[in-house]
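Going by the numbering used here, the first residue of the sequence shown is number -4, and it counts up by one from there.
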Amino acid sequence: MAARRLKLVKVAGVSLLLGFAALLLYQFGLFVMVLMLSVRDPGSSAFMDATLSRLQESNPKAALRYQWVPYDKINSSLKRAVIASEDANFTDHEGVEWDAIRKAWEYNRQQASDGKNKMRGGSTITQQLAKNLFLSGSRSYWRKGQELVLTYMIELVMDKARILELYLNIAQWGGNVFGAEAAAQHYYRVSAAALSPHQAAQLAAMLPNPAYYDIHRNTTYLRARTSTILKRMRLVDIP
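Written out as structure tokens, the structure reads:
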């Protein structure tokens, strides 16, 4: 009996070590991909691929509107607007704002207890980039944990300008619209370099629900949110 128990302990130990080794190898692979993206522009992202697959379920010919544009070809107004809207402390934090996560969790828990479904996110731009580049849209503790690991990897190997450049180029801005250049062309028939402050603020206001605002472009909330972002833009720093 004792020998059998010892054998089971050894098997469990080996399985645990193999699982840990596999996890380390997986994380190392992700780190290599992050390193590559610090110098190479992505042709797509996990979220873009998932969106395309979903669209093609109903329309096999569906395609994404996406065009990469360098950081210096994106109007500074859009950079300011997105930071003001999504992550006012972007240039100062190290990837994660734990206080914002705590406040969002408390708010969402209160909303749930009140039977409401309006939720608030506490993710920084770097966290959103990590999720969009590599992860699914599912909600789980594992996915959130992996998002945090990727966030610190990204902050370790990339400067803020590169992080923002990647984010602005893969962010969703419509049902099938991704990136600042495609968004500027889609909504205003101009390049990302030619966006006005108001256009930039409106694009930033669309980010939390881009597919909805692709259809409903003149709601009361969107106008009010655009006005708020316009006022905040001059208060933030851009890399």
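Glycine included, each C-beta is placed from N, C-alpha and C at the ideal position.
Taking the beta carbon of residue i as the centre, do at least 16 other beta carbons fall within 10 Å, making it buried, or is it exposed?
i      : result
Asn213 : exposed
Thr215 : exposed
Gly24  : exposed
Ala17  : exposed
Glu52  : exposed
Glu101 : exposed
Ser118 : buried
Gly169 : buried
Ala189 : exposed
Based on the DSSP output, what are the partners of residue i in its beta bridges?
i      : result
Gln263 : A question about residue 263 goes unanswered here, because the residues of the chain that appear run from -4 up to 234.
Tyr61  : Phe173
Gln167 : Phe173
Excluding sequence positions up to five away, which residues of its chain have a Cβ less than 7 angstroms from the Cβ of residue i?
i      : result
Gln141 : Leu130
Ala125 : Glu142, Leu145, Thr146, Ile149
Ser80  : Ala199, Ala200, Leu202, Ile224
Which residues in the same chain have their Cβ closer than 6 angstroms to the Cβ of residue i, if we skip the five residues on either side of it in sequence?
i      : result
Glu89  : Glu150
Asn127 : Ser40, Phe42, Ile165
Pro192 : Ser72
With a CB to CB cut of under 8 angstroms and the five nearest residues on each side skipped, what residues in its chain are close to residue i?
i     : result
Ser33 : Val152, Met153, Arg157
Phe15 : none
I want to see whether chain B comes within less than 8 angstroms of residue i, judged by CB atoms only; does it?
i      : result
Thr121 : The displayed structure is made up of one protein chain only, and chain B is not part of it.
*Quick check: the segment 184 to 198 against the segment 223 to 230, are there 3 or more CB pairs under 8 angstroms?*
yes
*Decide yes or no for the touch test of the segment 161 to 178 against the segment 53 to 63: beta carbon pairs closer than 8 angstroms, at least 3 of them.*
yes
*May I have a chain-ordered list of the alpha helix (DSSP H) segments no shorter than 4 residues that lie completely inside the segment 134 to 159?*
136 to 152
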